[in-house]
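Visitor: To start, I am sharing the structure in question, which I have written as structure tokens.
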Amino acid sequence: MADKKRIGFIDEFKEFIMRGNVLDMAIGLIIGTAFTAIVKSVVNDIIMPFVGWLMGSSSFSDFRVILTPATEDAPEVAIRYGALLQTVVDFLIIGFILFIIVKTFNTFRKKLERAKEPAAPVEPEAPPADITLLTEIRDLLKDRK
1 MADKKRIGFI DEFKEFIMRG NVLDMAIGLI IGTAFTAIVK SVVNDIIMPF VGWLMGSSSF
61 SDFRVILTPA TEDAPEVAIR YGALLQTVVD FLIIGFILFI IVKTFNTFRK KLERAKEPAA
121 PVEPEAPPAD ITLLTEIRDL LKDRK
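The sequence shown begins at 1 in UniProt numbering and counts up by one.
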């Protein structure tokens, strides 16, 4: 009995995992993690050193407001806003790139949907009024016979 339950549980788990949306989500998570590492490297190794150079500091994460200087008995108390700014820049870059990717994907998808749509059937043009009148007269003459 317990063996049947385990097999049923395993089958349910396989079915759950093999659904397309779960696999897509897992792939997206892995790609997103790798993409985040790339963006963080660009921000930390290229953008932030340049901003730090412009601001006159060797490292952007060193930016802080010292509330209480360090003493022999206590460490300094400071608001470290450099790390926050770095995180905000990371977020903005990732958000902007994801926006571009989603926008490109949606544009491509719309083009594919338009290409898949069958062309609207072309309705035959209405015959000229004199032809329509002659056709009606012919039909009336046929009915009289």
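The C-beta atom is built at its ideal place from N, Cα and C for all residues, glycine as well.
With distances taken Cα to Cα, identify the nearest neighbour of aspartate 62 among Leu23, Lys111, Asn44 and Ile10.
Guide: Of Leu23, Lys111, Asn44 and Ile10, the residue nearest in Cα terms is Asn44.
Visitor: Does the separation of the CB atoms of isoleucine 94 and valine 39 fall below 8 Å?
Guide: Cβ atoms of isoleucine 94 and valine 39: closer than 8 Å.
Visitor: Does alanine 26 come out as helix, strand or coil in the three-state DSSP assignment?
Guide: Residue state, collapsed to three classes: helix.
Visitor: Within the same chain, show all residues whose beta-carbon is closer than 7 Å to that of alanine 78, passing over the 5 residues directly before and after it, in chain order.
Guide: Within the same chain, alanine 78 has close Cβ partners Arg64, Val65, Ile66 and Leu67.
Visitor: Counting C-beta neighbours from all protein chains within 10 Å, is the total for glycine 82 16 or more, i.e. buried, or is it exposed?
Guide: The residue in question, glycine 82, is buried, as its Cβ has 16 or more Cβ neighbours within 10 Å.
Visitor: Does the Cβ of methionine 18 have 16 or more other Cβ atoms within 10 Å, making it buried, or fewer, making it exposed?
Guide: Under this definition methionine 18 is an exposed residue.
Visitor: Strictly by DSSP, which residues pair up with threonine 68?
Guide: Threonine 68 is bridged to Val77.
Visitor: Look up proline 118 in the DSSP assignment and say whether it is helix, strand or coil.
Guide: Coil at proline 118, not helix or strand.
Visitor: What's the C-alpha gap between threonine 135 and alanine 126?
Guide: Near 13 Å, if we compare the C-alpha coordinates of alanine 126 and threonine 135.
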